[in-house]
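The structure under discussion appears below in the form of structure tokens.
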Amino acid sequence: MNTRQNAINKIEEFLVSEKKIALVTGTHQYNKHKLVMAILDNRYKDKVILFRTSSLDNLTNNDFLGFADVKTKPKAGAQIKIHNNYYQIDNFNRKDTWSKTSAKADFAIVYPIDALIRNNNFDSIENLIKNKNIGKIFLVSWMDNDIASEELRKLYSNHVIYDAEEEDPSYHSRVLMSLR
Numbered sequence: 005m006n007t008r009q010n011a012i013n014k015i016e017e018f019l020v021s022e023k024k025i026a027l028v029t030g031t032h033q034y035n036k037h038k039l040v041m042a043i044l045d046n047r048y049k050d051k052v053i054l055f056r057t058s059s060l061d062n063l064t065n066n067d068f069l070g071f072a073d074v075k076t077k078p079k080a081g082a083q084i085k086i087h088n089n090y091y092q093i094d095n096f097n098r099k100d101t102w103s104k105t106s107a108k109a110d111f112a113i114v115y116p117i118d119a120l121i122r123n124n125n126f127d128s129i130e131n132l133i134k135n136k137n138i139g140k141i142f143l144v145s146w147m148d149n150d151i152a153s154e155e156l157r158k159l160y161s162n163h164v165i166y167d168a169e170e171e172d173p174s175y176h177s178r179v180l181m182s183l184r
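One gets this note's numbering by counting positions in the sequence shown from 1 and adding 4 to each.
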């Protein structure tokens, strides 16, 4: 079973490994990036985390960063303190925002990667790999419709699955039904 605890264990193993990129998928649509953030918050302090997302307009929504008390939409490149760490924000759909964040970060969270996969456009991930010095990169899905992409498989070395089955079986079933 792809439980929360199994996902935590796999993320923690990834953090101490030599691997650079992890894919985080599963039926917990809005909680996968939150789990990554919580683990980073518990393990680290004063680290720089690049949060690369599909739209800055969504950030204050509880499904993105609103749950962490982000109440006003940050500008691209803004650095905000969320719990123990500093987050810099940019938009994976707008290359002009990528240079507004630091060239070096301890971690990057790219969420939701679904549009990148659907459009087979991995420029924003390649930018993190080739043009920025990032310690560990988390590629986090929202829905898992398109994760079988060959191009995506070339990018990551670890795969973490966090399903809602144990915590909310009916939600888990509904998400699986929507993927059919």
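Idealized CB from N, CA, C, for every residue including glycine.
For this session: Look up D50 in the DSSP assignment and say whether it is helix, strand or coil.
Result: coil
Exercise. In this structure, does DSSP put N162 in helix, strand or coil?
Worked result: strand
Exercise. So H32 and D118 are in contact, right, with Cβ under 8 Å, and what is the actual spacing, rounded?
Worked result: The C-beta distance from H32 to D118 rounds to 14 Å, too long to meet the 8 Å contact threshold.
Exercise. How is the alpha helix (DSSP H) around Q9 delimited, first residue to last?
Worked result: 8-20
Exercise. Helix, strand or coil: which one does DSSP assign to F71?
Worked result: helix
Problem set entry | Buried or exposed by the 16-neighbour rule on C-beta atoms within 10 Å, applied to T188 | This structure cannot speak to residue 188, because the chain is shown only from 5 to 184.
Problem set entry | Buried or exposed (CB count within 10 angstroms, at least 16 for buried), D127 | Answer is exposed; the Cβ neighbour count stays below 16.
For this session: Would you kindly report the start and end of the unbroken beta strand (DSSP E) that includes N135?
Result: Note, N135: premise wrong, no beta strand (DSSP E); not H, not E.
Problem set entry | Boundaries of the alpha helix (DSSP H) in which K99 is found, first to last residue | 99-102
Exercise. In the structure shown, what three-state DSSP assignment does D110 receive?
Worked result: strand
Exercise. What is the rounded straight-line gap between the Cα of S106 and the Cα of N95?
Worked result: 14 Å
For this session: Return the chain-ordered list of same chain residues with a C-beta closer than 7 Å to the C-beta of I25, the five sequence neighbours on each side being excluded.
Result: I141, L143, L159, Y160, S161
Exercise. Does the Cβ-Cβ distance between V164 and I15 come in under 7 Å?
Worked result: Taking C-beta atoms as the reference points, V164 and I15 count as a pair closer than 7 Å.
Problem set entry | Cβ contact check for the region 54-63 and the region 174-182: 3 or more pairs under 8 Å | Three or more beta-carbon pairs separated by less than 8 Å are not found between the region 54-63 and the region 174-182, which leaves the two stretches without contact.
Problem set entry | S145 beta carbon less than 7 Å from that of T7 | Result no, Cβ atoms of T7 and S145 do not sit closer than 7 Å.
Exercise. Taking just the CA atoms, how far does H176 sit from N88?
Worked result: 31 Å
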